[in-house]
Each structure stands twice: as C-alpha cells, then as structure tokens.
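Enquirer:
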Amino acid sequence: MKRMTGLGQYKSVDSFVKDKLAVFDVANKDFAALFELMFREKENVMYEYSSGYRIIKKTYAEVYDELLRRAETLRLRLSDLPAGSVVGLYMDNSLLWIELFWAILLCGYEPLLLNLRVSDELLARAIADGGVRAVVSDGRDFAPLPTLCASEIAPADAPLQRITPGQFVWVMSSGTSMSLKLCAYGAEEFYYQICGSMEIIRRCRAIKSHCDGELKLLTFLPFYHVFGLIAVYIWFAFFSRTFVQLNDMAPRTILNTVKRHKVTHIFAVPLLWQTAYEQTMKTVRGRGEKTMKKFRRGLAVAEALHDVPFLGPLFSRVAFREVRAGLFGKSIRFLITGGSGISRQTLAFFNAVGYRLANGYGMTEIGITSLELSRRKKYLLEGYVGSPITNVEYRLNEDGELLVRGRATARIIVENGVRSVRAQDDWYDTHDLAEEKDGHYRILARRDDVIVTTNGENVNPFFLEPAFTMPHVRGACLIRSRTDDRVTPVLLVSVERFLGREALAVLRERVDAVAVLHGFPHDGRIVLITDPLLAEGEFKINRRRLADDYDSGRLHTAQAGNTGTGETVDDPLFRELRLLYAMALERDEQNVGTETDFFLEENGTSLAWFALEAQIRDEIGVDVGGRNLRSLMQLYHFVKEERNRVDTAV
Numbered sequence: 049m050k051r052m053t054g055l056g057q058y059k060s061v062d063s064f065v066k067d068k069l070a071v072f073d074v075a076n077k078d079f080a081a082l083f084e085l086m087f088r089e090k091e092n093v094m095y096e097y098s099s100g101y102r103i104i105k106k107t108y109a110e111v112y113d114e115l116l117r118r119a120e121t122l123r124l125r126l127s128d129l130p131a132g133s134v135v136g137l138y139m140d141n142s143l144l145w146i147e148l149f150w151a152i153l154l155c156g157y158e159p160l161l162l163n164l165r166v167s168d169e170l171l172a173r174a175i176a177d178g179g180v181r182a183v184v185s186d187g188r189d190f191a192p193l194p195t196l197c198a199s200e201i202a203p204a205d206a207p208l209q210r211i212t213p214g215q216f217v218w219v220m221s222s223g224t225s226m227s228l229k230l231c232a233y234g235a236e237e238f239y240y241q242i243c244g245s246m247e248i249i250r251r252c253r254a255i256k257s258h259c260d261g262e263l264k265l266l267t268f269l270p271f272y273h274v275f276g277l278i279a280v281y282i283w284f285a286f287f288s289r290t291f292v293q294l295n296d297m298a299p300r301t302i303l304n305t306v307k308r309h310k311v312t313h314i315f316a317v318p319l320l321w322q323t324a325y326e327q328t329m330k331t332v333r334g335r336g337e338k339t340m341k342k343f344r345r346g347l348a349v350a351e352a353l354h355d356v357p358f359l360g361p362l363f364s365r366v367a368f369r370e371v372r373a374g375l376f377g378k379s380i381r382f383l384i385t386g387g388s389g390i391s392r393q394t395l396a397f398f399n400a401v402g403y404r405l406a407n408g409y410g411m412t413e414i415g416i417t418s419l420e421l422s423r424r425k426k427y428l429l430e431g432y433v434g435s436p437i438t439n440v441e442y443r444l445n446e447d448g449e450l451l452v453r454g455r456a457t458a459r460i461i462v463e464n465g466v467r468s469v470r471a472q473d474d475w476y477d478t479h480d481l482a483e484e485k486d487g488h489y490r491i492l493a494r495r496d497d498v499i500v501t502t503n504g505e506n507v508n509p510f511f512l513e514p515a516f517t518m519p520h521v522r523g524a525c526l527i528r529s530r531t532d533d534r535v536t537p538v539l540l541v542s543v544e545r546f547l548g549r550e551a552l553a554v555l556r557e558r559v560d561a562v563a564v565l566h567g568f569p570h571d572g573r574i575v576l577i578t579d580p581l582l583a584e585g586e587f588k589i590n591r592r593r594l595a596d597d598y599d600s601g602r603l604h605t606a607q608a609g610n611t612g613t614g615e616t617v618d619d620p621l622f623r624e625l626r627l628l629y630a631m632a633l634e635r636d637e638q639n640v641g642t643e644t645d646f647f648l649e650e651n652g653t654s655l656a657w658f659a660l661e662a663q664i665r666d667e668i669g670v671d672v673g674g675r676n677l678r679s680l681m682q683l684y685h686f687v688k689e690e691r692n693r694v695d696t697a698v
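Take a look at the structure:
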C-alpha cells in the first residue's frame, strides 16, 4: 500500500502526529508557536483550487512567505490601533482568508470571525459587544469603523519582522437563538483541541486513510464557524494536509471539485448530505419501480451486513459502485456531519453505499468535543456522537441535559454584552438533552425545543419530526406558537408547492395519521406550508425564526393547484432563464412562477440557488451572485440590463 506523502522522516501518520504535538506541548503554547508548527512542512501542498482547466497548487512555504508580507502591509495600515485590539474579519473561505487571519494575529491583534450568514442587526451587535476597532472585509463597508478591503492588502516587499501575536481568536454564534455569544479561544485551547484530534486519529484508521498518498479536505464549511475553524482548518493545517477550494456552492461544482481534486474528506452540515441523498433517490426513482425496489433491497442487505467484518464493506463497494460514481466518486475516505440533527435514513444511506459518514458534536462555546468512531450500526446509524475527546468530560444532569467541561473549551464567553471568564473545571450546560449508552452519547433535542403541553406531555421534535419523511414532504419542524397569550405546539410540514387537489388531500390524511401514531397532542396544530424550512443562507433549522414567521402570518399554507404563474415575456433570453430556473427547482418550465420568491414560495434551497447562479454565469455570461434577486422576472430584468450595458460599452 502506498505510504502517505508529506510525513518527512516519519514512517507512519501516528508517529508524525505524535512528534509534532509533542513539540507544541513544550513550546509557549501561543499563536507564534502554533503558526510556526503549522507551516513547518514547507514543501507540502497547502492549498489547491481550479482556475479554468488548470489546478493551481500553493505550498506551505509559498503561503508562509506571502502571509508574512501581507502581515507587514496590515501592520502599516493599522498602525494607529493599540496591541490587543479586536479586528473583525468578514470574508468567505479562501486562501486570502487564511493569510489575513494569521496576519491579524501576528500583528498583535485579536480576530473576531464575523458570520456572513446572520442579519445586519446581529452583525452590528457582534461588532459592538466585541469592541471591534477595525474590519478587514471582502468589500463590504463597516463605516464608521475603519474598513480595509482584503484584496487591497497586497504583500509588502519585506515580511513582518517582529511577531508579538494576539492572545485570542473570537468566534460568534450562528444566530439561531435569541442571544448572541462571542467566544474566545487561545492557542492553548487549540492545543487541547488538536490533542483531541490526535486521539481520533489513533482510534480510527479510516479517518487517516488517504488517496494516492494524499489527504485532502474540501473547504465546504465556513472558516468563521467554530466547526469549520477547528475541525476543518486547525486540525488539518496543524498536520500540514491539503485544502481544496470550493469556488461556489452549486451541487455540480461540489461534485466536480471532489472528483477532479481527489478530495478524501468532507465535513459538512446535514443539508449537504440530505440534498445528496434526496437527489440520488430521485434519480433511482426515475428509472422505474423495478429499479427502485432493487435499490431498496440492496440498501436493506447492506444495513443487515453492516456489522459483519469484511463481507459488509465488500458488499457495499461492489453493489453500489455506480451510485458512488454519481455522487462523490472513489477518492472519499471519511465524511463528518455536525451542527444539527441528521435523519437516520441519510446516515444509513451513505454508510450503506460504501462511504463512512459519522456524526460529531460541538458548540461555539465548547469547540469540537466528540465524534462517533464506532462502525457498529447501533451507534453510527442512530446518530450517536461518540465519546468526549481527550481533555473533555461529559455528564448528564438530573434533567437529562448534557454538561461539558475541559481544557479545550472557550476561555471567555460574552453573551449579550456580559463577559465571563471560564475556569477549566467549570461545567458548561449545553441545554441539549442527551442519552448515554456504553460511553456513547446521542443528542436528543434542545431543551428549549421540547414543548410541554397543557396536560403535562412533553413533545420532543427529535422523535416526532423524522416520522414525516414521505413523498411530497420536504421536512417537518415543531415550533411554539404564542398567539392568544398561550403557547400552542404547531407542527409545520413543508410540502411541494404544485400538488393537485386529490394528491394534497391524500397527503393531509397521511400526515394526520402519522401525527396521531406518534402522539402529537390533540390541542396542537398541524399546518402544511409551501415555504422551505431553511431560509436563504441558513444551514440549520431556526425554530424561533419560523415561529415568528408563523405567528406573523408570513408563511404560505398549501393550496391545491397553486401555480403562482404571472407575467411572461416572449423572447429567447426569458425562455432560456425560465429553463435554467426550472432546472434548479427540478420542475417543469410551465410550473414555475414568474413573480414568486425562489425561496419562500418556490421551495428552493440555498444549494439550488447557487446552482442557478453558476448556470447563468456559465451559459449566459452574467454574474448574478450577491444580488437580491429572488424571482424569475427579477433575474430576467437584471440579466437583460447587464447585457445591454455591456453591449453599449463595447
């Protein structure tokens, strides 16, 4: 078997990892030491991206040099700021993000990683609560704060000489709850997070598997999120592996990038895995009932053989070779999901077809604390998150809530402007309900998401929502409605928008029957809506936002035969755009509205929109990214004006 490259004098991954961490252990455990160790293997390829037909590769040595020269430019541009100032970093994933992240730290400042997917109000609160003195941005202006455009921080002629790094990296919460939290991690906390990753590597052979000697990670998760920062960037950069740039979030781009660059690891939120699963099932279903039955039998056999050594993996590799070729190809070695709950059927599907998809757990306040490493289906397929990593402890309180403590968790937490410094022996209440079996933990629900009815019953979304996986249903979400001065459990069931009267009536009966079977309370409400549960830019369910939308009457109830068509234009450009729009929604051209909202009324997802943007850019030559265009007619008018403007300029 071919040996992994980039290990230097070491004969195994384990010895390489152990030695490198030992060097960090005896160092100062500050960001200067972490920086030097991350860039120690200078000849290894750090970053890859596609540019047309070319694959561009950057070594750790090249990035190291360019990074220090950008840091010198940044030092001069921010020379008026005192050491220790907080500097916001507002950028999406890129090699430039990595360089400027380190440049801010090495200049003596503390980066606050600003979340690009939260509201302007929450962003303003984060900047205020974090005491941000300046922002490095991808182009957005944060006036009256000094705002430096990232692309204009060019490398200086000489590198930064004097390195006195900042003390903390600040991460902000994702905004799905009412409160805003900013969490600070020092290099020492990152050291213990890396210790945890070493333990994972030691215990799990699959996660250190490579393809042709290389281990490559797709940059799907945003680096500004704690999951992306630690599990994607910090873990893999410390062991000098390769990052593969994802140029956009279109599904086609994701699949092509993985195959072209031979990506081995993908860490993502459930949205990606669920989308891939649904698309595969739709493709198989389109080949006829006979093929569908055969496919389902194959999945059942694979699950039955799951715990059988050698035979189980062999069956999956042989029986589902074509499925893997249509998904991520043959280079993939390990997949991790995290950030929110994932359905059992999605976990079962990926593990049945020959991929290893495992569930992990972490929070902004505690970092990444566990990953399910067992291959046994009673843990892997049921969504367990494993045992806590080294230097982290779990326990359940009397209410069944998960408590976490350890040296890898955040040092400082600022919640709604109130600052608290945490001791290593402090237990942090996650407010997640969990259960434990033989040292393996499973997250059941957020405590706040469980609704207590007037007769004292607990309605838990973890057990209720997965039951509504059925044709024409996009998902279900349990919320609290606060109308009429009382709390009412409401189950929102998102359904396909274009259903006939008979199909909708049958679906209502089926949904009601499943609700009764799973004990949904009689005083609750079941509402079929055509809105997607995930709004634009969301990666996980925001129950509070959905409850507000429901109580305010902003959601659309399902109506039979609602086509939403409106004004049409009879010209070639409109017809081409309507075709691309319909393809993104996986629908017939005649069944898409011209004035309706892609997300709120057409049930489009963020991934579908990214695919549409990519298609328009590639086939029509107009970039519509970053603009508030939500309907087919808005797209048409914008693209037409852009074409006219270019023609006039020429």
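With the first letter of the sequence shown counted as 1, position 428 gets the number 476 in the numbering used here; the numbers rise by one all the way through. For glycine and all other residues, C-beta sits at the position ideal for the given N, C-alpha and C. Only a predicted model underlies this, so the values are computations on that prediction, with no experimental measurement involved.
1) Could you pull out every unbroken beta strand (DSSP E) segment of at least 3 residues lying fully inside the stretch 360-419, listed in chain order?
2) From Trp145 to Arg335, what does the alpha carbon distance come to, in whole angstroms?
3) Taking DSSP as the reference, what is the three-state secondary structure of Asn610?
4) Measure the CB-CB distance between Ile664 and Leu628 and report whether it falls below 8 Å.
5) Which residue comes first and which comes last in the beta strand (DSSP E) that contains Cys243?
6) Out of Val562, Thr578, Ala515, point me to the one whose CA is closest to Gly652's CA.
7) How is Phe315 classed by DSSP in three states: helix, strand or coil?
8) In this structure, does DSSP put Pro213 in helix, strand or coil?
9) Within its chain, find whatever has a CB closer than 8 Å to the CB of Ala81; leave out the 5 residues flanking it on each side and keep chain order.
10) Report yes or no: do the stretch 308-315 and the stretch 377-390 share at least 3 C-beta pairs separated by less than 8 Å?
11) If I measure Cβ to Cβ from Glu91 and keep anything under 7 Å in the same chain, skipping five residues before and after, which residues do I get?
12) Quick check on the burial criterion: 16 or more other C-beta atoms within 10 angstroms. Buried or exposed for Gln322?
13) Since Met139 and Asp186 are thought to touch, with beta carbons under 8 Å apart, how far apart are those beta carbons, to the nearest angstrom?
14) Which term fits Thr611, buried or exposed, when burial requires 16 or more other beta carbons within 10 angstroms of its beta carbon?
15) If I'm right that Phe398 touches Leu383 with Cβ under 8 Å, what's the distance once you round it to whole angstroms?
16) From the DSSP output, read off the bridge partner residues of Arg453.
17) Taking only runs of the beta strand (DSSP E) that begin and end inside the stretch 588-659, which ones reach a length of at least 3 residues, in chain order?
18) Over the uninterrupted beta strand (DSSP E) stretch that includes Thr107, give me the two end residues.
19) Helix, strand or coil for Met518 per DSSP?
20) Please return the same chain residues whose Cβ sits closer than 8 Å to the Cβ of Val274, not counting the five positions on each side in sequence.
21) Please report the straight-line C-alpha distance between Leu162 and Gly408, rounded to a whole angstrom.
22) Helix, strand or coil, according to DSSP, for Gly56 in the structure here?
23) How long is the line joining the alpha carbons of Ala70 and Ile437, rounded to whole angstroms?
24) Could you tell me the alpha carbon to alpha carbon distance between Leu683 and Val672, rounded to whole angstroms?
25) Since I believe Ala662 is in contact with Thr301 (beta carbons under 8 Å), could you give me their beta-carbon distance rounded to a whole number of angstroms?
26) In angstroms with no decimal places, state the Cα-to-Cα distance between Leu450 and Arg693.
27) Is Thr290 helix, strand or coil by DSSP?
28) Starting from the N-terminal side, write out each stretch of the beta strand (DSSP E) that is 3 residues or longer and does not extend beyond the stretch 108-186.
29) Taking only runs of the beta strand (DSSP E) that begin and end inside the stretch 524-594, which ones reach a length of at least 3 residues, in chain order?
30) Could you compute how far the alpha carbon of Ala630 sits from the alpha carbon of Gln638?
31) CB-CB under 8 Å to Leu148, same chain, minus the five flanking residues each way: which ones, in chain order?
32) Near Ser391, what residues of its chain come up, given a Cβ to Cβ distance below 6 Å and the 5 sequence neighbours on each side ignored?
33) If you measure between the beta carbons of Arg522 and Pro569, is that distance less than 8 Å?
34) Do you know offhand how far Asp168's Cα is from Thr517's?
35) Considering only the alpha carbon of each residue, which of Glu505, Lys338, Ala493, Met297 lies closest to Phe511?
Expert: Well, looking at it:
1) 382-385, 405-411, 415-419
2) Here residue 145 is taken as the residue at index 97 of the sequence shown, counted from 1. Here residue 335 is taken as the residue at index 287 of the sequence shown, counted from 1. Near 44 Å, if we compare the C-alpha coordinates of Arg335 and Trp145.
3) Within the sequence shown, the letter at position 562 stands for residue 610. At Asn610, the pLDDT of 48 sits below 50, so the modelled position is not reliable; the number obtained from the coordinates is stated separately. Here Asn610 sits in coil by DSSP.
4) Position 616 of the sequence shown holds residue 664. Position 580 of the sequence shown holds residue 628. It is a contact, given that the beta carbons lie within the stated cut-off.
5) As a first step, residue 243 is located in the sequence shown; it is residue number 195 there, counting from the start. Per DSSP, Cys243 belongs to no beta strand (DSSP E); it is in the alpha helix (DSSP H), 235-251.
6) One-based indexing of the sequence shown puts residue 652 at position 604. Ranking the options by Cα distance to Gly652, first place goes to Thr578.
7) Counted from its first residue, the sequence shown places residue 315 at position 267. Of the three classes helix, strand and coil, the one that applies to Phe315 here is strand, per DSSP.
8) The residue you call residue 213 lines up with position 165 of the sequence shown. Coil, per DSSP.
9) Reading the sequence shown from its first residue, position 33 is the one you call residue 81. The answer, listed in chain order, is Phe72, Ala75, Ala235.
10) yes
11) Locating residue 91 in the sequence shown gives position 43, counting from the first residue. Closer than 7 Å at Cβ, skipping near neighbours: Thr107, Ala109.
12) Locating residue 322 in the sequence shown gives position 274, counting from the first residue. It is buried - the Cβ of Gln322 has at least 16 other Cβ atoms within 10 Å.
13) For this step, residue 139 is matched to residue 91 along the sequence shown. For this step, residue 186 is matched to residue 138 along the sequence shown. The Cβ separation is near 5 Å, so the contact holds.
14) Here residue 611 corresponds to residue number 563 of the sequence shown, with the count starting at 1. Only weak support is given to the placement of Thr611: the predicted model assigns it a pLDDT of 43, under 50, and the question is left unresolved by the model.
15) In the sequence shown, the residue the question calls residue 398 occupies position 350. In the sequence shown, the residue the question calls residue 383 occupies position 335. With a Cβ gap of about 7 Å, Phe398 and Leu383 count as contacting.
16) Working through the sequence shown from its first residue, we reach residue 453 at position 405. For Arg453, which the question treats as bridged, DSSP gives the partners Glu441.
17) none
18) Position 59 of the sequence shown, counting from 1, holds the residue named residue 107. Here the beta strand (DSSP E) through Thr107 covers 102-107.
19) Translated into the one-based positions of the sequence shown, residue 518 becomes position 470. Here Met518 sits in coil by DSSP.
20) Reading the sequence shown from its first residue, position 226 is the one you call residue 274. Contacts found: Val219, Cys231, Gly410, Met411, Thr412, Gly415, Ile416.
21) Working through the sequence shown from its first residue, we reach residue 162 at position 114. Working through the sequence shown from its first residue, we reach residue 408 at position 360. Rounded to the nearest angstrom, the two C-alpha atoms are 23 Å apart.
22) As a position in the sequence shown, residue 56 is number 8, starting the count at 1. It is coil, neither helix nor strand.
23) For this step, residue 70 is matched to residue 22 along the sequence shown. For this step, residue 437 is matched to residue 389 along the sequence shown. The alpha-carbon atoms of Ala70 and Ile437 are separated by roughly 18 Å.
24) Stepping through the sequence shown from its first residue, residue 683 is reached at position 635. Stepping through the sequence shown from its first residue, residue 672 is reached at position 624. Spanning the two alpha carbons is a distance of roughly 8 Å.
25) Along the sequence shown, one-based indexing puts residue 301 at 253. Along the sequence shown, one-based indexing puts residue 662 at 614. Right, their Cβ atoms sit about 6 Å apart.
26) For the purposes of this step, residue 450 is taken as the residue at position 402 of the sequence shown. For the purposes of this step, residue 693 is taken as the residue at position 645 of the sequence shown. Near 58 Å, if we compare the C-alpha coordinates of Arg693 and Leu450.
27) Counting from one through the sequence shown, the residue named residue 290 turns up at place 242. Thr290 falls in the strand class under three-state DSSP.
28) 134-138, 158-161, 180-185
29) 536-543, 573-577
30) Your numbering for residue 630 matches position 582 in the sequence shown. Your numbering for residue 638 matches position 590 in the sequence shown. So the alpha carbons of these two residues sit roughly 8 Å apart.
31) Counting from one through the sequence shown, the residue named residue 148 turns up at place 100. Within the same chain, Leu148 has close Cβ partners Arg118, Leu122, Leu137, Met139, Val184, Ala198, Ile201.
32) Against the sequence shown, residue 391 aligns to sequence position 343. Here the set comprises Pro514.
33) Taking the first residue of the sequence shown as 1, we reach residue 522 at position 474. Taking the first residue of the sequence shown as 1, we reach residue 569 at position 521. Taking 8 Å as the Cβ cut-off, Arg522 and Pro569 do not qualify as a contacting pair.
34) Taking the sequence shown and counting its residues from 1, one reaches residue 168 at position 120. Taking the sequence shown and counting its residues from 1, one reaches residue 517 at position 469. Computed Cα separation, rounded: 34 Å.
35) Position 463 of the sequence shown holds residue 511. Per the Cα distances, Ala493.
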